[in-house]
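Going down the list, the protein sequences come from chains A and B.
If you read the first sequence in our numbering, its first letter stands for residue 1, the second for the next number, and so on.
If you read the second sequence in our numbering, its first letter stands for residue 1001, the second for the next number, and so on.
The block underneath contains the structure these notes are about, expressed in structure tokens.
There are 2 protein chains.
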Amino acid sequence: MRGIRVDRRSILAGLLVSAAATPLTGGALAQGNPLPSWNEGLSKKSILDFVSAVTKEGAPDFVPAPERIATFDNDGTLWCEQPMYVQLAFALDRVKALSGKHPEWRRKQPFQAVLDNDLASLAKAGEKGLVELVMATHAGMTTADFEKIAGDWIASARHPKFDKPYTDLVYQPMLELLAYLRSNGFKTFIVSGGGIEFMRPWSERVYGIPPEQVVGSSIKTQFKIDNGVAQLIRLPAIDFVDDGPGKPVGINSHIGRRPIAAFGNSDGDFQMLQWATLSPGKRFGLIVHHTDAAREYAYDRKSPFGKLDKALDAADSNGWIMVSMKDDWKRIFGFQ
Amino acid sequence: MRGIRVDRRSILAGLLVSAAATPLTGGALAQGNPLPSWNEGLSKKSILDFVSAVTKEGAPDFVPAPERIATFDNDGTLWCEQPMYVQLAFALDRVKALSGKHPEWRRKQPFQAVLDNDLASLAKAGEKGLVELVMATHAGMTTADFEKIAGDWIASARHPKFDKPYTDLVYQPMLELLAYLRSNGFKTFIVSGGGIEFMRPWSERVYGIPPEQVVGSSIKTQFKIDNGVAQLIRLPAIDFVDDGPGKPVGINSHIGRRPIAAFGNSDGDFQMLQWATLSPGKRFGLIVHHTDAAREYAYDRKSPFGKLDKALDAADSNGWIMVSMKDDWKRIFGFQ
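Structure representation (structure tokens):
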């Protein structure tokens, strides 16, 4: 897939579709070492200090448990987004799987490009082409059928570099962070530019985040009774793009409370980080910086997937913690 | 407000704006008598039997705790919706409160009708007029400001018949039902045609349902940085109508799981009841029928607020439990 050149917004517009917490009110639970895959240093210390500050009853920065909302981007923040967004790999695989029923795709772009692995032509199709791919692969079935299709794919597809299921390519330090926050009364949410229905079939199993705590981009659905069974049909029309300035909107719509902590890795998370941190009270913002070409990938300002540019420049003045995956993380994935 | 004649859909389109659970996996918690305000009878027995069936591990109808999703309509199901939707009373009060800054409203419908208490003219303004009222009273401020306005109003306004705060006019038997379901591992959600932001400021305090478990109608919002503070501005544009066939759509968007139990009182809940019950597996649907003119109100097929007609006819064939407030409930409100 090297050589593909489309910007992040185009891809997300195209991909448009697609926790159980035990709240405690006491002081921060240390549990020995709650973040064993994090190296000692400023990043780890900042997390521990923040959690300690907001969970100490009577202290100036105490936040009651129901208001301890933490939001996490998914692609590049909780799991690997290279060499392409996982959901794009899913869409391309679906085009191939469905091509037998669509002989016309052999002579129609952008489908022909997908079937020929012609990445240059695919890139040329731009946002319009990606939306076409998504509508052809993510709409036209019931929500239940899509859940099964997405769930089956994620259970069988493998990452091209690591030769592992994509759900093995979640960041072990972030899993520890999610669990640590929940053990301190936080409610953890995914807020992703990816498709809400693409993540929900496995978010609870992989992250401990139940479907109702997943926010994402969506296509429209329509209610229908079919042979006495109530169904929702997925329509080929964009409903909501949960990216950039859409993230605070999606957070407000789904959560109804401003997060006190937000975690991202790209410019698509810029406004979510602002929404969480540019407000009175103790706040926490963190950016996962992909600096480890050996154990994962190294990229930021020029990456078509997970471009980090504007938010990188703004991190310092906003007090956002920059996590260097290479330096701050003892290991990246659980299997390492 | 008697004499106003507008249909439910118009009102909801106009009003467009605007839980902490401890999951257990064992058998149903009896807790002595968990529903003390319910008379013995078919309604109460059906609830107890359903909860027992889905919580008994190893039994054929067992449902794992994370899938025990229960959705509740608000107006007329959890609290009183007569002589008008509470949110409509709020909108009318806001027009009066804001009229000093809008001298033009004295000569402009539908505002003039509100200021003159001219209900006939107000009714004539129809859906378009109601949308105008809502946009003038629910938009043009930040989400934080609206939360304060709605919260302040709900803390001070009083019901015209009972002379109590509206939040005292929640149904005691339904509060017990919410708590009973949560104590049996259910996650309880509000799914209302009313404005999502109108309910969230008090839903946790009154119902034990946190903001992130409230689904409702909404207007659009826009992200903005204002003097270094991140804000969401409420725009005068409809985003989503969570009523009728919109309820399954809203449920899918916010919850991502099909409820196994749904509770409503009007035709606006018809498709939510179908969505929850017309699907394989053990399911439960319940309609609160307003039959008690002495202790509350008696209405159904012809009421402009909470019209129950189509869903009344369909209850029997769908196995939905019809609760008669007069016969099934020992008391209606906690203060009685």
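From the three backbone atoms N, C-alpha and C, an ideal C-beta is built for every residue, glycine too.
Next on the checklist: Once DSSP output is grouped into helix, strand and coil, what is the label at R1234 of chain B?
Outcome noted: Looking up residue 1234 of chain B in the second sequence gives position 234. Per DSSP, reduced to three states, the secondary structure at R1234 of chain B is strand.
Item to check | Neighbourhood of T1077 of chain B by C-beta distance below 6 angstroms, restricted to the same chain and skipping five residues each side | outcome: Along the second sequence, read from residue 1 onward, the residue named residue 1077 of chain B stands at position 77. Excluding sequence neighbours, T1077 of chain B sits near F1263, G1264, N1265, V1288.
Checklist entry - If you follow the alpha helix (DSSP H) that K1096 of chain B is part of, which residue opens it and which one closes it? => result What you label residue 1096 of chain B is simply residue 96 of the second sequence in a count that begins at 1. From DSSP, the alpha helix (DSSP H) with K1096 of chain B extends over 1086-1098.
Item to check | Anticipated Cβ contact below 8 angstroms, T1143 of chain B with T1221 of chain B, distance rounded | outcome: Along the second sequence, read from residue 1 onward, the residue named residue 1143 of chain B stands at position 143. Along the second sequence, read from residue 1 onward, the residue named residue 1221 of chain B stands at position 221. Rounded, the Cβ-Cβ distance is 6 angstroms, consistent with contact.
Checklist entry - Could you check where the alpha helix (DSSP H) with S1217 of chain B kicks off and where it finishes? => result Counted from its first residue, the second sequence places residue 1217 of chain B at position 217. Here S1217 of chain B belongs to no alpha helix (DSSP H); instead the beta strand (DSSP E) covers 1214-1226.
Next on the checklist: Please classify R1094 of chain B as buried or exposed, where buried requires at least 16 neighbouring CB atoms within 10 angstroms.
Outcome noted: Sequence index remark: in the second sequence, residue 1094 of chain B carries index 94 (1-based). Counting every other CB atom within 10 Å of its CB across the protein chains shown gives R1094 of chain B a total of 16 or more, marking it as buried.
Next on the checklist: Considering just the uninterrupted stretch of the beta strand (DSSP E) at T71 of chain A, what are its terminal residues?
Outcome noted: In the first sequence, the residue the question calls residue 71 of chain A occupies position 71. Going by DSSP, T71 of chain A is part of the beta strand (DSSP E) stretching over 69-72.
Checklist entry - Using 8 angstroms as the threshold, is the region 216-235 of chain A in touch with the region 276-285 of chain A, meaning 3 or more CB pairs across them? => result Contact fails between the region 216-235 of chain A and the region 276-285 of chain A, because fewer than three Cβ pairs, one in each stretch, are under 8 angstroms apart.
Item to check | alpha helix (DSSP H) runs wholly inside the region 1249-1303 of chain B, at least 4 long, in chain order | outcome: The region 1249-1303 of chain B contains these whole alpha helix (DSSP H) runs: 1270-1277.
Item to check | Minimum length 3: unbroken beta strand (DSSP E) runs contained in the region 1145-1217 of chain B | outcome: Annotation: the region 1145-1217 of chain B contains the following complete segments of the beta strand (DSSP E) (minimum length 3 residues), in chain order: 1187-1195.
Item to check | Delimiting residues of the alpha helix (DSSP H) encompassing V1051 of chain B | outcome: Here residue 1051 of chain B refers to the residue found at position 51 of the second sequence. That run of the alpha helix (DSSP H) goes 1042-1055.
Next on the checklist: Just to check my reading of the structure: I1219 of chain B and D1242 of chain B have Cβ atoms closer than 8 angstroms, yes? What is that Cβ distance to the nearest angstrom?
Outcome noted: Locating residue 1219 of chain B in the second sequence gives position 219, where the first residue counts as 1. Locating residue 1242 of chain B in the second sequence gives position 242, where the first residue counts as 1. The Cβ separation is near 12 angstroms, so there is no contact.
Checklist entry - Any Cβ of chain B within less than 8 angstroms of the Cβ of G26 of chain A? => result Numbered from 1 along the first sequence, position 26 holds the residue referred to as residue 26 of chain A. With a pLDDT of 42 at G26 of chain A, under the threshold of 50, the predicted position of this residue should be treated as unreliable, though the coordinate-derived value follows. By this cut-off, G26 of chain A is not an interface position.
Item to check | Cβ neighbours of G1129 of chain B in the same chain (closer than 6 angstroms, five flanking residues each side left out) | outcome: Indexing the second sequence from 1 puts residue 1129 of chain B at position 129. Same-chain partners within the cutoff: P1110.
Checklist entry - Taking a cut of 7 angstroms between CB atoms, which residues from the region 229-263 of chain A lie near chain B? => result Listed by position along the chain: V229, A230, L232, P245, P248, V249, N252, S253, H254, I255, G256, R257.
Item to check | Cβ neighbours of D118 of chain A in the same chain (closer than 8 angstroms, five flanking residues each side left out) | outcome: Walking along the first sequence from the start, residue 118 of chain A turns up at place 118. Take D118 of chain A, set aside five residues on each side of it, and the residues of its chain with a beta-carbon closer than 8 angstroms to its own are Q112, in chain order.
Checklist entry - So with Cβ pairs under 8 angstroms, would you call T1143 of chain B a contact of chain C? => result In the displayed structure, chain C is absent; the protein chains listed are A and B.
Checklist entry - Closer than 8 angstroms, Cβ to any Cβ of chain B: which residues of the region 116-138 of chain A, in chain order? => result Residues passing the 8 angstroms Cβ filter: none.
Item to check | Residue range of the unbroken beta strand (DSSP E) whose run includes M322 of chain A | outcome: Taking the first residue of the first sequence as position 1, residue 322 of chain A is located at position 322. For M322 of chain A, the uninterrupted beta strand (DSSP E) segment begins and ends at 321-324.
Checklist entry - Rounded to the nearest angstrom, how far is the Cβ of D1075 of chain B from that of G1306 of chain B, given a contact under 8 angstroms? => result One-based indexing of the second sequence puts residue 1075 of chain B at position 75. One-based indexing of the second sequence puts residue 1306 of chain B at position 306. Contact check for D1075 of chain B and G1306 of chain B: beta-carbon distance about 7 angstroms, within the 8 angstroms limit, so the pair qualifies.
Checklist entry - So which residues of chain B does E405 of chain A contact, with C-beta pairs closer than 9 angstroms? => result Since the first and last residues shown for chain A are 1 and 336, residue 405 of chain A lies out of range.
Checklist entry - What do you reckon, are the CB atoms on W329 of chain A and T277 of chain A nearer than 8 angstroms? => result For the purposes of this step, residue 329 of chain A is taken as the residue at position 329 of the first sequence. For the purposes of this step, residue 277 of chain A is taken as the residue at position 277 of the first sequence. Against a cut-off of 8 angstroms, the Cβ pair of T277 of chain A and W329 of chain A comes out as no contact.
Checklist entry - Applying the criterion that 16 or more other CB atoms from any shown protein chain within 10 Å of the CB defines a buried residue, is H1138 of chain B buried or exposed? => result Here residue 1138 of chain B is taken as the residue at index 138 of the second sequence, counted from 1. Answer is buried; the Cβ neighbour count reaches 16.
Checklist entry - Between A:L35, A:P36, A:K45, A:N33, which lies nearest to M322 of chain A when the distance is taken from Cα to Cα? => result The residue labelled residue 322 of chain A in the question sits at position 322 within the first sequence. The shortest Cα separation from M322 of chain A among A:L35, A:P36, A:K45, A:N33 belongs to A:K45.
Checklist entry - Applying a beta-carbon distance threshold of less than 8 angstroms, which residues of chain B neighbour I225 of chain A? => result The sequence position of residue 225 of chain A within the first sequence is 225, counting from 1. Against chain B, a Cβ distance below 8 angstroms from I225 of chain A picks out Q1274, L1278.
Item to check | Own chain residues within Cβ distance below 8 angstroms of K1310 of chain B, not counting five before or after | outcome: Against the second sequence, residue 1310 of chain B aligns to sequence position 310. Non-local C-beta neighbours of K1310 of chain B in its own chain, meaning closer than 8 angstroms and more than five positions away in sequence, comprise D1267, F1270, ordered along the chain.
Item to check | Proximity of E1147 of chain B and P1236 of chain B at Cβ, strictly below 8 angstroms | outcome: Residue numbering aside, residue 1147 of chain B sits at position 147 when the second sequence is read from its first letter. Residue numbering aside, residue 1236 of chain B sits at position 236 when the second sequence is read from its first letter. Not in contact: E1147 of chain B and P1236 of chain B (Cβ atoms no closer than 8 angstroms).
Checklist entry - Under 8 angstroms, do S1037 of chain B and Q1213 of chain B count as touching if we go by C-beta distance? => result As a position in the second sequence, residue 1037 of chain B is number 37, starting the count at 1. As a position in the second sequence, residue 1213 of chain B is number 213, starting the count at 1. Not closer than 8 angstroms, so no.
Item to check | Identity of the residues DSSP links to D75 of chain A by a beta bridge | outcome: Along the first sequence, read from residue 1 onward, the residue named residue 75 of chain A stands at position 75. The partner list for D75 of chain A (beta bridge, DSSP) reads A:W79.
Checklist entry - Quick one: what does DSSP say A314 of chain A is sitting in, helix, strand or coil? => result Mapped onto the first sequence, residue 314 of chain A falls at position 314. Three-state DSSP puts A314 of chain A in a helix.
Checklist entry - If you follow the alpha helix (DSSP H) that T1137 of chain B is part of, which residue opens it and which one closes it? => result Taking the second sequence and counting its residues from 1, one reaches residue 1137 of chain B at position 137. Start and end: 1119-1138.
Item to check | Pairwise C-alpha distance: P160 of chain A and A97 of chain A | outcome: Here residue 97 of chain A is taken as the residue at index 97 of the first sequence, counted from 1. Here residue 160 of chain A is taken as the residue at index 160 of the first sequence, counted from 1. Between A97 of chain A and P160 of chain A, the C-alpha separation is close to 18 angstroms.
Item to check | Euclidean distance between Cα positions of Q336 of chain A and Y180 of chain A | outcome: On the first sequence, residue 336 of chain A is found 336 positions in, with the first residue counted as 1. On the first sequence, residue 180 of chain A is found 180 positions in, with the first residue counted as 1. If I take the Cα positions, the gap works out to 21 angstroms.
Item to check | C-alpha gap between D948 of chain B and M84 of chain A, whole angstroms | outcome: Because chain B in this structure spans residues 1001 to 1336, residue 948 of chain B falls outside the shown range and cannot be described.
Next on the checklist: On a Cα-Cα basis, can you pick out the residue from A:M272, A:L178, A:E176 that is closest to G216 of chain A?
Outcome noted: Sequence index remark: in the first sequence, residue 216 of chain A carries index 216 (1-based). Ranking the options by Cα distance to G216 of chain A, first place goes to A:M272.
Next on the checklist: What does the alpha-carbon distance come out to for the pair A1196 of chain B and T71 of chain A?
Outcome noted: Stepping through the second sequence from its first residue, residue 1196 of chain B is reached at position 196. Stepping through the first sequence from its first residue, residue 71 of chain A is reached at position 71. Here residue 1196 of chain B turns out to be Ile, not Ala, going by the sequence shown. As the crow flies, the alpha-carbon of I1196 of chain B is around 20 angstroms from that of T71 of chain A.
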